[in-house]
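*Asks:* Structure below; questions to follow.
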Amino acid sequence: MGSLPTPLLNPLSPQEIPIKNKISNIKTLNFSKIPSWISLNNSSSSSSIAQNNQKQKGQVENLHLVSLTKQGKLNEAFEFLKQMDIQGITVNTQSYECLFETCGNMRSLSKGKKIHKRLVKFVKNPSGFVWNSVLKMYCECGCFLDARKLFDEMPKRNSFSWNIIISSYAQNGLFREAFVLLSVMDPVENKLVYASLIQEISRLELGKQVHSVVIKNRLTPDAYIDTALANMYATCECLDSSVAVFDGMSEKTVVTWTGLMAGYTQAEQHKEALALFVRMMEENIQLDEYAYSTVLKVCSFLNDYDAGRQIHGCIVKYGIDSDVSVGTPLLDFYVKCGKLDDACFAFKRIYHPNDVTWSSIISGYSQYGKFEECIESFKNLRCEADVLNPFIYTSIFKVCSALADLNLGMQVHADAIKRCSISELCGESALITMYSRSGRLDDARNVFDSVDEPDTVAWTAIICGCSYHGHASEALFLFGKMRSSGVRPNSVTFIGVLTACSHSGLVFEARQYLDSMRSEFGIDATIDHYNCMIDIYSRAGNLEDALELVTTMPFEPNVASWKSLLGGCWRHGNVEIGKIASRNLLQLDPEDTAGYVLMFNLYASEGIWEEAAQIRKKMNEKNLKKDVSCSWLTIKGKVHRFTVGDRHHPQTEEIYSKLEKLNSSCLHHNRSTLADLNYDGSYPLSEQRKEQLLDHSERLAIAFSLISSPRNSPVLIFKNLRACPDCHDFSKQVSKITEREIVIRDSSRFHHFKDGQSSTHNRPLTTPNQNSVDKTNLVFPRKDKLIDPTVLWTSSIARRCRNGYLSEAATEFARMRIAGIETNQITFTTLLSACADFPSDKTLYFGALIHCYLYKLGMIKDNRNLTNEVRVRNSLIDMYARCGCIDFAYQEFSKMEKRSRVSWNALIVGFAMNGRAEDALDHFSLMQKEGFEPDGVSFTGALTACSHAGLVDKGLQLYETMKKVHRISPRIEHFGCIVDLLSRAGRLEDAMQVIETMPMKPNEVVLGSLLAACRNHGDISLAERLMTFLVDLDPDTDWNYVLLSNIYAVVERWDGVGKIRNKMKSLGIKKKPGFSAIEIGCCYHEFVAGDKSHSQTRNIYSMLEQLSLGFSLFGNAPTTSLEEFSDIEFANQLN
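So the number in our numbering is just where the residue sits in the sequence shown, counting from 1, plus 157.
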């Protein structure tokens, strides 16, 4: 962008402006100084004052009443009101207005009604302002019936009265009621009402209708209405109409200009927004803080530092840089442009920073690695001011994640829970990452399980967490669940998936995932994804494939590409490809010490000592040194750091003594390996080398943890470099000897050691020329040898389950058992979920077998891991409920010692699906009594139960409770339940109104339930209206046409039936034959309409005749005959 037209001042340097304590400035006016125990007893002095000046009587008491109300202490305010009544003190108008305002803000309808009754009883002819306060209170509490009743009974309505109720209707999506009132209102006297209504409209069609009414009533030109119209069109992203209204205005205010600029910003037309700002300056428009705030956001999106700098000069020129509404966007602009020093300068200029300001500066510190400043700012804020918001906590979670500071992270988490300041999805996803990167994957999983509807970021966080902890099977299982739940993965998700494949040797699966990114999800793979694939090939020993991918991928290979390949060459002893990788790596970064060290280790492992010496010589010539290894851990809130050969710790003697004892115990387990060279045991260790190994930083940290932490606690170590093979083996042996779990996070991933096993399942890294074959390869042959059997088989079973091949999945599970492959919790939950997704007698039988296996293996009653038991039992509850065995589901639920919200939801939804509405609603209430907060799934089950039981009032009451009490935004399934509830009760118009006012587009399920009700109630006109929506959604579905045809047939509209049949024929749509099936014994029996091909047809139809006769005797004769009309009979009806 060119320079802006007006000469602008450059910001002053930070040294020229005094720095003030920002914390001390964060103070707001409150009424807490007035004591709540103020007495109403008249003393002699107060009586004297009252006698001298009657006008001042009650002023202090009313002021105190306002104080209590402003603080939200409504109970105390009511008690004080009683004392005022006893003393005969009158409540003035201002106090009533304050009481109604607070009741509305706190959504306290019951107290608002009490004050309303008091007003009617004690105050004669209240002013219009008071009546408007009452009206606003009812509207803010969502009680529109009482609001409308009051509005109709108001002795005199003014423009504010009309504005309050119509705007409230519009804010809550009740546009029909708003338009009804609008039609009887005098448009000329209440022009501002139109402006307020237009501001609440976000649907283009409604906006156009109101615009037409405005034109019809000749309410324009009017600055307020025209501005509202321009902003409405901009909000609806109809910028052409917005510009047309804008250009037609004879008088434009700064609000009009800013609204259009915000519209351009919303539509991501940032250059046009900036050009509009230039026009504002050229036309000498008096700019306000909102205009500057908007244009600074534009500059942030464009990353236009020069333009933002000039605007900053203009802001300083007019002296508004200390205003928080301008200073905060300016601070945010500099942060996004990477100018942290300028951001700090802008921050110091703000006189009264608010929570958004602090959130921006803390986020900036976090983005640019200023973690100490982040934590210090957070501690100061927490101690001295109450401006903490969920965004600040999210930033601090990210800082704790980067520092792997579990102790601080847990404290901040607890503080956020106390203040109810955990942001949904963003904050929860940051918590998942924090716990997983701090070595607490179980806590990360618990946080994830508590998320109601995880989004892409939350799913990605837990998948990546499992991947970096080596839990590949769980990562891939979660990825499958993510896809089945309808959440689209992003590029970062696939980084986690490919990392999981890398750590488990799943080469073939990794290639499939990489290929599916573009073909299935439309995501273009980046060089990071290709580097993951190179690492997978290299770890598996497929070095030729890795080299081919490096040279043929659609990106220029970077340092990470060649380093991954070189690491694989060192691991598998391939000198030729290693030379190629090393040469290209050092060309890109001649100062990379890792490249030299890896090549030295490769030469040394193959006994090529001359070349190895040359590498060392080059490093010395370039003065390059290997990075110093450092390990650290936290004990009782204090961080202890160790480097190689460290002897500065106060407990050095104890540490080395412990190491000597551990080394002696591990001596018979040790392999003969050359540390940092290879894994094949070719070179025995010298005594000097054995002594050197004792000095490795992670060994020192392990020894210190063993002597300083409780015996039942895990050992958690962090390291800046990758762990060497000898220390990896040492950690396994120590975990077995000490019976302690050891977790080490190096620069690559987490390594878990328990009972002598590692998270790599004790699989040695093999070279391509090794001919080791195990029973896994005999059953499931693969090209690569680095396979985790459990991961491999579970992934194969999950893939078949996702595609609906349950029989093949069951066969695979049987083969897995025969081969002796270990099963885990994910294996069984995958199979149980598949049984629930495809319910039948066969899947029920298979699910019961899985249940038996679980008991046999002791996985259900596992007191060591109640979390796993809860997840398995949840799957059992869901499986039994969806297969129709709700009693078995309830038995599993009753046996649970620990339950989660998922457990309650599975049972409630199961009861609702199986027609046991009363049980579903009883357990919905019991769930809340047990301390579990219901979520969207809970209310879906409860609303479904009400729908099936015909409990209309109860269902509507639950729906309102969900929105107003639990603050849960209704999703499409909740609207579907309400539509079904009203439809079943015959309230078709109400159901249609719900569909029309939904904030999202209705789907075929919602529309289909109302269409089915139209058939039952013979409502042709509504059915035809619905059909237009359904055809737009899915024009090729036969069910919609058939259902409408049936509705015509019910009311004997045979011409309509003929039209539908002809339309289906012209579109090539054929009705799919309906069939029913039942399994008896081991035989599967299927029937179509009018089927007479069964071997027991005569007995079947004889039983049907008997049943029909029985129905007739009891006055319940079927409405249709046993046989449907044939096509010929139908044609005869048409003729």
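We put the beta carbon where it would ideally sit given N, CA and C, even for glycine. Since the structure is predicted, the reported quantities are computational estimates derived from the model, not experimental observations.
Return the chain-ordered list of same chain residues with a C-beta closer than 7 Å to the C-beta of residue 1051, the five sequence neighbours on each side being excluded.
*Replies:* none
*Asks:* Assuming residue 970 contacts residue 983 under a Cβ cut-off of 8 Å, what Cβ separation, rounded to an integer in Å, is found between them?
*Replies:* In this structure residue 970 does not touch residue 983 by the C-beta definition: roughly 12 Å separates them, more than the 8 Å allowed.
*Asks:* Taking DSSP's pairing of strands, which residues face residue 914 in a bridge?
*Replies:* Paired residues: 911.
*Asks:* When DSSP labels each residue in this structure, what does residue 798 get in the three-state scheme?
*Replies:* Look at residue 798 here: in three-state DSSP terms it is strand.
*Asks:* Kindly indicate which three-state DSSP category residue 230 falls into: helix, strand or coil?
*Replies:* coil
*Asks:* Between 1179, 582, 778, 321, which lies nearest to residue 616 when the distance is taken from Cα to Cα?
*Replies:* 582
*Asks:* I'd like the span of the alpha helix (DSSP H) that includes residue 332, first residue to last.
*Replies:* 332-341
*Asks:* Taking DSSP as the reference, what is the three-state secondary structure of residue 902?
*Replies:* In this structure, residue 902 counts as strand in the three-state DSSP scheme.
*Asks:* Out of 1062, 393, 875, state which residue places its alpha-carbon closest to the alpha-carbon of residue 1090.
*Replies:* Closest by alpha carbon: 1062.
*Asks:* Cutting at 7 Å between CB atoms, please list the residues of its own chain near residue 377, excluding the five before and the five after it.
*Replies:* 371, 383
*Asks:* Determine contact between the region 572-581 and the region 591-601, defined as no fewer than three beta-carbon pairs at a distance below 8 Å.
*Replies:* no
*Asks:* Would you mind stating whether residue 1317 and residue 547 have Cβ atoms separated by less than 7 Å?
*Replies:* In the structure as shown, the chain starts at 158 and stops at 1292, and residue 1317 therefore has no counterpart that could be examined.
*Asks:* Flag this pair as touching only if the region 615-634 and the region 1097-1107 have three or more C-beta atom pairs under 8 Å; answer yes or no.
*Replies:* no
*Asks:* Give the secondary structure of residue 477 by DSSP, where H, G and I count as helix, E and B as strand, and everything else as coil.
*Replies:* When DSSP states are grouped into helix, strand and coil, residue 477 belongs to the coil group.
*Asks:* Could you give the C-beta distance for residue 457 and residue 489, rounded to a whole number, given that I count them as a contact under 8 Å?
*Replies:* Residue 457 to residue 489, Cβ: 6 Å. Contact.
*Asks:* Count the other CB atoms, across all protein chains shown, that sit within 10 Å of the CB of residue 1260; report buried if there are 16 or more and exposed otherwise.
*Replies:* exposed
*Asks:* Leaving aside the five residues before and after residue 626 along the sequence, list all residues of the same chain whose C-beta is less than 6 Å from its C-beta, in chain order.
*Replies:* 598, 907
*Asks:* Compare the Cα-Cα distances from residue 854 to each of 903, 868, 563 and report the closest residue.
*Replies:* Looking at the Cα atoms, 903 is the closest of the given residues.
*Asks:* Which residues in the same chain as residue 1302 place their Cβ atom closer than 7 Å to its Cβ, once the five residues preceding and following it in sequence are excluded?
*Replies:* Because the chain in this structure spans residues 158 to 1292, residue 1302 falls outside the shown range and cannot be described.
*Asks:* For residue 266 and residue 296, which I take to be in contact (beta-carbon distance under 8 Å), what is that distance rounded to the nearest angstrom?
*Replies:* Going by Cβ atoms, the distance from residue 266 to residue 296 rounds to 11 Å, so no, they are not a contact pair.
*Asks:* Going by DSSP, name the residue or residues bridged to residue 1140.
*Replies:* Paired residues: none, contrary to the question.
*Asks:* Please state the DSSP three-state secondary structure of residue 809.
*Replies:* helix
*Asks:* Can you name, in chain order, every residue of its own chain whose Cβ lies under 6 Å from the Cβ of residue 1298, other than the five neighbours on each side?
*Replies:* Coverage of the chain is limited to positions 158 through 1292, which leaves residue 1298 absent and any answer about it impossible.
*Asks:* Beta-carbon separation of residue 219 and residue 249 under 7 Å?
*Replies:* yes
*Asks:* Considering just the uninterrupted stretch of the beta strand (DSSP E) at residue 873, what are its terminal residues?
*Replies:* 872-876
*Asks:* Distance check for residue 375 and residue 351, CA to CA, integer angstroms please.
*Replies:* 12 Å
*Asks:* Based on DSSP bridge pairs, tell me the residues matched to residue 789.
*Replies:* Looking at the DSSP assignment, residue 789 forms a beta bridge with 798, 875.
*Asks:* How would you write the range of the alpha helix (DSSP H) that residue 249 sits in, first residue to last?
*Replies:* Looking at the DSSP string, residue 249 is not in any alpha helix (DSSP H), and its letter there is neither H nor E.
*Asks:* Counting C-beta neighbours from all protein chains within 10 Å, is the total for residue 1235 16 or more, i.e. buried, or is it exposed?
*Replies:* exposed
*Asks:* Starting from residue 275, trace the alpha helix (DSSP H) in both directions and tell me its first and last residue.
*Replies:* 266-279
*Asks:* Whose C-alpha, out of 1040, 524, 516, 1079, is nearest the C-alpha of residue 535?
*Replies:* When each option's Cα is compared against that of residue 535, the closest is 516.
*Asks:* Could you tell me the boundaries of the alpha helix (DSSP H) in which residue 784 lies?
*Replies:* No alpha helix (DSSP H) holds residue 784; DSSP gives it neither H nor E.
*Asks:* DSSP three-state label for residue 424, please.
*Replies:* coil
*Asks:* Comparing alpha-carbon positions, which option in 660, 861, 373, 749 lies nearest residue 807?
*Replies:* 861
*Asks:* So residue 858 packs on residue 952, CB below 8 Å; how close in whole Å?
*Replies:* So it is not a contact: roughly 35 Å between Cβ atoms.
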